[in-house]
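A.B. asks: Supplied in structure tokens, the structure appears directly below.
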Amino acid sequence: MPDSAEQLQRLYLAGFELQTFERYPKCIGVMRDNCVALLVPGVDGLQILGTPGWRMGEVMGVLTEREGGKVFQAKSEVVEATPERLLALQKFREELKGLLRAKS
12 MPDSAEQLQR LYLAGFELQT FERYPKCIGV MRDNCVALLV PGVDGLQILG TPGWRMGEVM
72 GVLTEREGGK VFQAKSEVVE ATPERLLALQ KFREELKGLL RAKS
């Protein structure tokens, strides 16, 4: 089983910012380039909870469709999901998954 501390160190050294949230006391927030994911302990070390999204102030906007286009939405706040943001989110997700699976 991967060691959570080693996983967090790998993420930090790769330039990810780590943060805790009062709203999610059992999760660790991982951020970079305005992308954010929540990590939780699991049987195979830290795992991504749900789907990574876009940081919108103190909340995470989830990718959704609205009026025929893609947007990041957190309650009533909406941010356009531009091709650049979608690419940043894809790269973030892929690198995060790779670092969580990496062997120490």
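Take the sequence shown: its position 77, counting from 1, is numbered 88 in my numbering, and each next residue is one higher.
Glycine included, each C-beta is placed from N, C-alpha and C at the ideal position.
From the DSSP output, which residues share a beta bridge with THR75?
C.D. replies: According to DSSP, which records beta bridges pairwise, THR75 is partnered with VAL82.
A.B. asks: Which residue comes first and which comes last in the alpha helix (DSSP H) that contains ARG112?
C.D. replies: Note, ARG112: alpha helix (DSSP H), 94-112.
A.B. asks: Leaving out the 5 sequence neighbours to the left and right, which residues in its chain are closer than 8 Å to ASN45 when beta-carbon positions are compared?
C.D. replies: Once the five neighbours on either side are set aside, the close Cβ partners of ASN45 are TRP65, ARG66, ARG96, ALA99.
A.B. asks: So, is LEU11 buried or exposed, given that buried needs 16 or more other C-beta atoms within 10 angstroms?
C.D. replies: Any property of residue 11 remains undetermined from this structure, which presents the chain solely from 12 to 115.
A.B. asks: Would you give the residue range spanned by the beta strand (DSSP E) that ALA25 belongs to?
C.D. replies: Segment: none, ALA25 is in no beta strand (DSSP E) and carries neither H nor E.
A.B. asks: Candidates THR93, GLY68, GLU78, GLU33: which alpha carbon is nearest ALA85's?
C.D. replies: That would be GLY68, whose Cα lies nearest to the Cα of ALA85.
A.B. asks: Leaving out five residues before and five after ALA92 in sequence, what residues of the same chain have Cβ atoms less than 7 Å from its Cβ?
C.D. replies: So the qualifying residues of the chain are LEU74, LYS81, VAL82, PHE83.
A.B. asks: When the Cα of LEU50 is compared with those of ILE59, ARG43, MET42, which residue comes out closest?
C.D. replies: When each option's Cα is compared against that of LEU50, the closest is ILE59.
A.B. asks: Can you tell me whether GLU17 is helix, strand or coil according to DSSP?
C.D. replies: In this structure, GLU17 counts as helix in the three-state DSSP scheme.
A.B. asks: Measuring only the C-alpha atoms, how far is ARG104 from PRO63?
C.D. replies: C-alpha separation (whole angstroms): 7 Å.
A.B. asks: Should VAL47 be labelled buried (16 or more other beta-carbon atoms within 10 Å of its own) or exposed?
C.D. replies: With 16 or more other Cβ atoms within 10 Å, it is buried.
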